[in-house]
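A short worksheet on the structure shown next.
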């Protein structure tokens, strides 16, 4: 599997050491696992695991846990769904949700579950298509070839295909998924227990959260039949036990060049944190206006708080001078190796400098790129709908291979699901977000920038936000459907003020995106590919690619760690949960758990830490033993895992999961969720 | 004046070049000004300017502009006073304030004006007192000697004395001031014109602000007689004219070592910005709750927005790789020079490493230091009052030279003025700030930190904030006076909940402060002193010390600059103001200026840029010509001046002032402020 060149042995030592790695299923180092843990996953085992894992579009992982489409994930992965199904009178975030019978299962307005069917290597096809091209030509050729490949692969509406760029351009794989768009909520606990400890305990360990939920995928209005699926283990995770995590880590930056890391350290991360910090302050105070303000903004607040803390940890890793020096040394080693051979130097030698220059270009355009394109709208749903409509009017008239990539034929189902989602829109929150966005636009581009003048005219950001939000009819899915089905003419004829706002921005937004794709992204892809090849030549695929929100497998063991001289045990128990409860948010237990206290076994394992290498996007991943039996559900990493974006430190980087025994104890003693227990094969008492 | 060693000429080139420098009055480079501008300030001229300049305690500069105590400064320097004198019904921030007759002048609740009388060099005294001492012993000896010197100097209640540490410990000067504590508001325009363009235009140029205000100092209930004072120039600032600024730059960091700059870049600045960004979001949303919420929080919002933008600019300078490399090269040059001579190497060679280690220590304690001591309370007035009371109970019982430095006898008047200020306290805002503070305390120290547990118990930050704010009686100046006059026993007996909160924190707060003073501050002082001596030995006092909120003189000229290839003219005119007005905040003119439009001369100069080297704290400084005549009032720097914290770039770093002719045109045509015009010698029509 690994193509090691013996002469380079010294270079390799210290690379994929330890429990590090978010490995692809088509290049899993079974021999390495065997060497460390005496178990070598077979191809059959790997296939079973791959097909039992699931992805939740938008950012989570999950697993199939019954033959009738039952899917286990985290509460925080179904949080949006639970909020969207709630009303001011009936708040499932507060009360939890349990469908005691099949008809009570409720469809999530905007959830899609994917199951990975097949991985095909298309590196050669893409390399051929872009050979000898640069800048815009490279980008166009690549985009056209990807659109073609994906369209050819997506043979039915419920098949989703993505070309995935691995190793920073070193390898392209075509991932084919089965797509489930009818997803129904089965069980979600109260948020007070799912996210017990709230933001203060987030990314910390020891931990006491019941962050688990179940949904079911349907086909043709009936529970989908799935095979294979993962069974429950007899006892759950044991200290020292070998554990695997199959899930979808969203993204890592371990292969970035030093120039790119500097950009992350000095610009990308701090500036995103400034923005998130301000949004945190805004949301905290927004919630002070009343309980309904809290309810409608809680999902956003959760995600903002969560991203904030995650990025703080990531930034801290990069400002750590020892850590950064290691990155510099690693790059230097590879560059020296390239330089040692004139032929290699000719092929790869310039790649780092080209990337450094592209990063300089990015730095110069970053503010416009963020405000006009990547972060435009600052989270407003209406803005997203308006942009999808405005752009679909332009893009869908073009040939498939010339469109912006998110409008390629193969991506149509996602566009439509997103655009036509029945999820409620909250005008007060929209107004606050659009005000925030327009204020930032003026603040960062300056009041004299032509685009700012065109957008605001003589209005204040707040007045304009109020006008476009209160005047827009796009909150209604019917209105959006009519416009979308009316096609370009209907959309262009619409005078909806949010659509008009988006149209005013769109020329410059597209222009900056185009420049980014031509002068930054394509240069980084092309030269990243060269560096990746140099790395392959030096190390083989004994390294794993950076995470890309595609299915990966990591191995490790149930294991504590030391922190500031103290030993942290790997498993927490229910007794600790009750000790930690103060009665005040976010340490307030819901009534169900308080009532159940006399019944539960306080020695039941609740959460646990393991040395698996994961990152954001892995939330909801199954964690299982060598017999592919569930021992828990991953929901977090500890604080030291946050630097995992840039590198894995086995000494203290830990995955945090809800223990399978804790899950069962809750379903039995707190929720009396018999139907669910039976489906999990745990109906009978013990 | 300068003690140049000829052999070092190459080293010196490029040091205090150009218009750079915030020079002390006892070491002003008149010869340099003469070489560049053909004018050599005499000692008499310098003395006159020194005695005509004024400082506003808390962070601004000002000047005496009439023999009867009239003081000119910025609107934003009297903003707190105007807000404190306002009520919901009568808002001087919105309507402006003008005392058409003497009895209408209104006393500012918490303003102190200082006039610098004398500077004495006490370096030798202090060096002798601390000789051979380190850590705690060094700190104690230094503290005791400073308390003694200040007490000896402060011969009357209206004399204020500060020992000032210059050149990072290379020189200690004793500054003796006359103190005016009865300060009355004479004129403040509407904020809509004083801060026209708001945050978007802040730190930008071209600019159109009427950021000027007048107060008067009183003695024994009557206008104070002052001499000397600055007259008005005939025509105001002309393009190319030599200009001086006498004011109190708050602080610069141009002499920091590379280790200290790294700490600023990676920790101090970004983390302060995260905090400020969150506070910005909180305040923006707080203001959405209604006009009264806006009124009571506007002063704080102004200062938060202003600091935020300033620190963003400062951070940008440090992440600029060229800029940082220069700093590294400068340090290396001096270190190489030290190393070249074994004797020098022995004396100075270790200093940089000692500072680097102290900076590491600071990094490890920074979060506790910020939360428990330096940033404790997050701006809550009640918290400040409670801490002043609690600490005065402990400190005032100790001998003068053993107290925390802010409680030394010589500082008592400031403590009392601050503590007994009649400024209103706004409970809603207090509650929001204390909630923010307690939330940050828990977030950053973690819910399991003993001090967090002691403070919060089982309460949420918000519940505790509400309790201590609503339960505290410290909003009343009478209550505070009673407690203060009751002495330690009365204070210790008080069960005021805000006092109890402060007491719960105080043990750990004092402990971290003590560790900081012993292990960080004293090491940096001591080794900074060594580096400063090395620098003197190499360059003489041809360099100026970093700013320390003490009186400095800078020179320059009225001068535009280029930005992104475009030429920016140095002077704006009233016509531009009216063109920029959109009718919407923050580009909405107040009614007075709209009404006056037909009367004003649109060609009148309004604001202008000059190459003087200033920084925050210089707000309100007089800017004057070589005849010591006022040509304007400094109120801002352009965006490129923000990096001035770390270094001056003559090409684009600019001071921004209101033009003296613009000031007069407003007083005449908009405000018809005859009494004021007469006092300025401009009563007669033209």
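Residue numbers (the numbering used here), protein chains in the order written: chain A, 1035 to 1720; chain B, 1035 to 1720.
Ideal Cβ placement from N, Cα and C applies to all residues, glycine included.
CB contact below 8 Å: residue i versus chain A
| i | result |
| --- | --- |
| residue 1312 (chain B) | yes |
| residue 1316 (chain B) | yes |
| residue 1396 (chain B) | no |
| residue 1044 (chain B) | Residue placement at residue 1044 (chain B) is poorly supported in this model, since its pLDDT is 34, which falls under 50; the coordinates are not used for a value here. |
| residue 1307 (chain B) | yes |
Within-8 Å CB hit, residue i to chain B
| i | result |
| --- | --- |
| residue 1497 (chain A) | yes |
| residue 1710 (chain A) | no |
| residue 1493 (chain A) | yes |
| residue 1151 (chain A) | no |
| residue 1480 (chain A) | yes |
| residue 1441 (chain A) | no |
| residue 1609 (chain A) | no |
| residue 1563 (chain A) | no |
| residue 1143 (chain A) | no |
Cβ-Cβ distance between residue i and residue j below 8 Å
| i | j | result |
| --- | --- | --- |
| residue 1143 (chain B) | residue 1118 (chain B) | yes |
| residue 1399 (chain A) | residue 1550 (chain A) | yes |
| residue 1723 (chain A) | residue 1105 (chain A) | Because chain A here runs from 1035 to 1720, residue 1723 (chain A) falls outside it and cannot be looked at. |
| residue 1163 (chain B) | residue 1175 (chain B) | yes |
| residue 1645 (chain B) | residue 1600 (chain B) | no |
| residue 1352 (chain A) | residue 1299 (chain A) | yes |
| residue 1421 (chain A) | residue 1536 (chain A) | yes |
Residue burial classification, residue i (beta-carbon count within 10 angstroms, cutoff 16)
| i | result |
| --- | --- |
| residue 1700 (chain A) | buried |
| residue 1268 (chain A) | exposed |
| residue 1392 (chain B) | buried |
| residue 1226 (chain B) | buried |
| residue 1515 (chain B) | exposed |
| residue 1481 (chain A) | buried |
| residue 1077 (chain B) | exposed |
| residue 1377 (chain B) | exposed |
| residue 1086 (chain A) | buried |
Coarse secondary structure for residue i, derived from DSSP in three states
| i | result |
| --- | --- |
| residue 1187 (chain B) | helix |
| residue 981 (chain A) | Only positions 1035 to 1720 of chain A appear in the structure, and residue 981 (chain A) is not among them; the question remains open. |
| residue 1713 (chain B) | helix |
| residue 1129 (chain B) | helix |
| residue 1336 (chain B) | helix |
| residue 1573 (chain B) | helix |
| residue 1657 (chain B) | strand |
| residue 1532 (chain B) | helix |
| residue 1365 (chain B) | helix |
| residue 1492 (chain B) | coil |
| residue 1395 (chain B) | helix |
is_contact[residue i, chain D] using C-beta, thresh 8 Å
| i | result |
| --- | --- |
| residue 1574 (chain A) | This model lacks chain D altogether, as its protein chains are A and B. |
Given residue i as reference, the closest of the options once Cα atoms are compared
| i | options | result |
| --- | --- | --- |
| residue 1325 (chain A) | A:1056, A:1543 and A:1128 | A:1128 |
| residue 1627 (chain B) | B:1223, B:1564 and B:1604 | B:1223 |
| residue 1275 (chain A) | A:1670, A:1548, A:1067 and A:1535 | A:1067 |
| residue 1435 (chain A) | A:1706, A:1186 and A:1563 | A:1186 |
| residue 1722 (chain A) | A:1181, A:1571 and A:1454 | The requested residue 1722 (chain A) is not part of the displayed model; chain A covers only 1035 to 1720. |
| residue 1316 (chain A) | A:1468, A:1520 and A:1650 | A:1468 |
| residue 1781 (chain A) | A:1314, A:1322 and A:1348 | Residue 1781 (chain A) is absent from the model: chain A starts at 1035 and stops at 1720. |
| residue 1255 (chain A) | A:1054, A:1582, A:1216 and A:1261 | A:1216 |
| residue 1120 (chain A) | A:1219, A:1246, A:1259 and A:1239 | A:1219 |
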